[in-house]
């Protein structure tokens, strides 16, 4: 038992000595980059433009991560899958983009230039015939550190 404790103590001491030679904690643990372009995706139920609880959470988190940053532009792209008529899918993707834009304002995203777009079902079916998940809005937050 004492041998195991001695071996453990030596191992811990060696590990600590090795860490000290690396230049300290700041070289091992780095804060994530702040105020860089960030993209989030907000998913919707089929045929719906209502924000889900998960979507609200994602938007609130994205907005909180912009604290202290200068927001240059917010790009909001509404998408839809290929179910239904193309005109209805385009309208649905527009409503989704509008819903997300309003939700971003509600979570107090700093003022920025907003660019809204809607693609409808365009690109929903690939050449191979696959239908990727497209019931979403893509949000790109373009930001930089404050001046």
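In the numbering used here, the protein residues as written are 1 to 147. Built from N, CA and C at the ideal position, the CB exists for glycine as well. Being a predicted model, the structure only gives us computed values, none of them experimental.
Quiz item: Taking residue 76 as the reference, which of 69, 58 and 101 has the closest Cα?
Solution: Nearest to residue 76 by alpha-carbon distance, out of 69, 58 and 101, is 101.
Quiz item: Just to confirm, are residue 103 and residue 51 a CB contact at a threshold of 8 Å?
Solution: Less than 8 Å separates the beta-carbon of residue 103 from that of residue 51.
Quiz prompt | Simplified DSSP assignment, three categories, for residue 54 | solution = Residue 54 falls in the helix class under three-state DSSP.
Quiz item: Taking the C-alpha atoms as reference points, what is the distance between residue 120 and residue 85?
Solution: Distance between the alpha carbons of residue 120 and residue 85: 10 Å.
Quiz item: Taking the Cβ atom as the reference point for each residue, do residue 43 and residue 135 lie within a distance shorter than 8 Å?
Solution: The Cβ-Cβ distance between residue 43 and residue 135 falls below 8 Å.
Quiz item: Just reading off the alpha helix (DSSP H) that residue 91 is part of, what are its end residues?
Solution: From DSSP, the alpha helix (DSSP H) with residue 91 extends over 86-106.
Quiz item: So what's residue 141 in DSSP terms, helix, strand or just coil?
Solution: Residue state for residue 141 is assigned as strand, using DSSP reduced to three classes.
Quiz item: Thinking just about the alpha-carbon of each residue, which of 137, 36, 64 and 106 is nearest to the one in residue 118?
Solution: Measuring from the Cα of residue 118, the nearest candidate turns out to be 137.
Quiz item: Per DSSP, which one or two residues make a beta bridge with residue 62?
Solution: None, per the DSSP bridge assignment.
Quiz item: Which two residues bound the contiguous beta strand (DSSP E) that contains residue 72?
Solution: In this chain, the beta strand (DSSP E) harbouring residue 72 covers 70-79.
Quiz item: If you draw a straight line from the C-alpha of residue 132 to the C-alpha of residue 81, how long is it?
Solution: Inter-residue distance for residue 132 and residue 81 is about 8 Å (C-alpha atoms, whole angstroms).
Quiz item: Taking the DSSP output, what are the residues bridged to residue 116?
Solution: DSSP, once it has assigned bridges, lists 76 as partnering residue 116.
Quiz item: In whole angstroms, what separates the C-alpha of residue 87 from that of residue 39?
Solution: Each residue's alpha carbon lies about 27 Å from the other.
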